[in-house]
Ligand SMILES: Cc1cc2nc3c(=O)[nH]c(=O)nc-3n(C[C@H](O)[C@H](O)[C@H](O)COP(=O)(O)OP(=O)(O)OC[C@H]3O[C@@H](n4cnc5c(N)ncnc54)[C@H](O)[C@@H]3O)c2cc1C
């Protein structure tokens with residue numbers, strides 16, 4: 172049996188995409204990166220992921236893990252010339268369950284393919300907040316966000332994904348499952364190996380599940396739009412906001428005039444402020 176046929180017989184038809192079914196997974200969303208793969212493989216469990224990785228090791232096939240494919244730098248598609256080996260895209264799209272929300276421990280446990288938006292909704296329903304947030308929330312996944320140490324709008328107050336991850340489970344290159352799925356906030360038990368998978372872009376293993384930190388909901392959060400006379404005032408404005416809010420500023424974004432103009436033009440909006448920035 173060939174490599175692809177072996178995987179198809181193990182995972183079933185929903186677990187393997189080839190031909191035109193695979194095409195959307197082989198191109199980055201902005202069309203800047205594209206490549207080829209033997210197949211797009213979609214395991215539905217940790218055990219299936221481990222078996223796929225074992226088969227790849229046995230057949231000498233490279234693995235490109237993929238979450239929502241929203242990354243900006245082509246890491247989720249097998250770009251031509253990346254490796255002399257044939258490759259598969261290992262899509263986590265079928266492992267998209269929120270496993271549990273624990274309001275008392277302030278944690279959410281999710282599979283790697285769960286979206287950031289799904290985490291936020293699950294946390295909301297428990298009167299908690301999953302704090303990281305960015306434009307691709309409806310598509311970007313837990314695994315991709317961990318693998319890129321994603322940040323987003325709320326980094327100022329809550330930090331990056333590294334600050335949210337309490338535990339990780341990952342499948343290593345030989346197919347072993349590394350179980351670091353802990354929920355402890357104060358874990359003094361030795362080397363904190365989970366950090367090796369955060370920001371590693373899948374080079375050290377495939378993240379399959381994670382335990383992530385929740386924060387108090389902020390139902391009374393307020394947003395303000397301010398005009399500054401020049402970039403020199405930018406950090407003074409942040410200092411003022413931090414001083415007035417007791418340090419609790421969640422986000423602080425600089426919008427250059429060209430960006431504001433483009434948004435107003437595209438959405439048919441009038442400018443929110445009369446003054447135009449010089450930058
Ligand atoms: C509109 C928009 C706004 C964005 N804003 C921000 C922002 O403010 N801040 C920010 O940091 N990013 C931002 N991004 C980039 C992107 O959303 C993040 O990098 C996100 O974390 C990628 O998640 P993903 O599931 O789409 O990962 P993918 O793009 O699928 O993969 C990204 C990388 O992670 C690896 N990977 C994916 N899943 C796994 C896994 N389970 N195990 C191991 N490796 C894996 C891939 O191989 C690849 O190297 C934005 C993107 C868009 C489109």
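Residue numbers (the working numbering): 172 to 450.
Each residue gets a CB set at the ideal place from its N, CA and C atoms; glycine is no exception.
Remember, it's a predicted structure, so these values are computed and weren't measured experimentally.
Between residue 320 and residue 369 the beta-carbon gap is near 5 angstroms, inside 8 angstroms, which marks them as a contact. Its chain contains 397 and 399 as the residues whose beta carbon lies nearer than 7 angstroms to that of residue 408, once the 5 sequence neighbours on both sides are disregarded; these appear in chain order. Setting aside the 5 residues that flank it on each side, residue 179 is surrounded in the same chain by 187, each with a C-beta closer than 6 angstroms to its C-beta; the list follows chain order.
Not a single heavy atom of ligand 1 lies less than 7 angstroms from the C-beta of residue 277.
With a cutoff of 8 angstroms on beta-carbon distance, residue 270 and residue 301 are scored as not near each other. Under the 8 angstroms Cβ criterion, the region 416-424 does not count as touching the region 371-378, having fewer than three qualifying pairs.
A distance criterion of 7 angstroms places the beta-carbon of residue 325 beyond contact range of ligand 1, judged by its closest non-hydrogen atom. For residue 282, the closest C-alpha among the options 292, 238 and 255 is that of 238. Residue 354 sits close to residue 337, with the two beta carbons spaced by under 8 angstroms. Considering only 344, 196, 350 and 382, the residue with the shortest C-alpha distance to residue 225 is 344.
With fewer than 16 other Cβ atoms inside 10 Å of its own Cβ, residue 362 counts as exposed. Distance from the C-beta of residue 241 to the nearest heavy atom of ligand 1 is below 7 angstroms. By a beta-carbon distance limit of 8 angstroms, residue 309 contacts residue 288. Their separation comes to about 5 angstroms. For ligand 1, no non-hydrogen atom lies closer than 7 angstroms to the CB of residue 291.
Leaving aside the five residues that flank residue 298 on each side, the residues in its chain whose CB is nearer than 6 angstroms to its CB run, in chain order, 388. If the five residues before and after residue 261 are omitted, its C-beta is found closer than 7 angstroms to the C-beta atoms of 212, 223, 234, 235, 236, 237 and 377, all from its own chain and listed in chain order.
For ligand 1, a non-hydrogen atom lies closer than 7 angstroms to the CB of residue 312. The shortest CA-to-CA distance from residue 227 to any of 410, 291 and 257 is the one to 257.
Close CB contacts of residue 327 within its chain, under the 7 angstroms cut and outside five residues either way in sequence, are with 420, 421, 422 and 423 (chain order). Distance from the CA of residue 196 to the CA of residue 293, rounded to the nearest whole angstrom, comes to 27 angstroms. Within the region 238-274, complete beta strand (DSSP E) segments of at least 3 residues are found at 258-262 and 269-273, given in chain order. The Cβ atoms of residue 214 and residue 266 lie closer than 8 angstroms to each other. Relative to ligand 1, the beta carbon of residue 246 is positioned inside 7 angstroms of a heavy atom. In this structure residue 339 is in contact with residue 351, their Cβ atoms being roughly 5 angstroms apart against a cut-off of 8 angstroms.
Distance from the C-beta of residue 198 to the nearest heavy atom of ligand 1 is not below 7 angstroms. Here residue 443 is exposed: its Cβ has fewer than 16 other Cβ atoms, across all protein chains shown, within 10 Å. Secondary structure note for residue 351: it is in no alpha helix (DSSP H), and the uninterrupted beta strand (DSSP E) holding it is 348-351.
Residues of the same chain with a CB within less than 6 angstroms of the CB of residue 448, apart from the 5 flanking positions on each side, are 428 in chain order.
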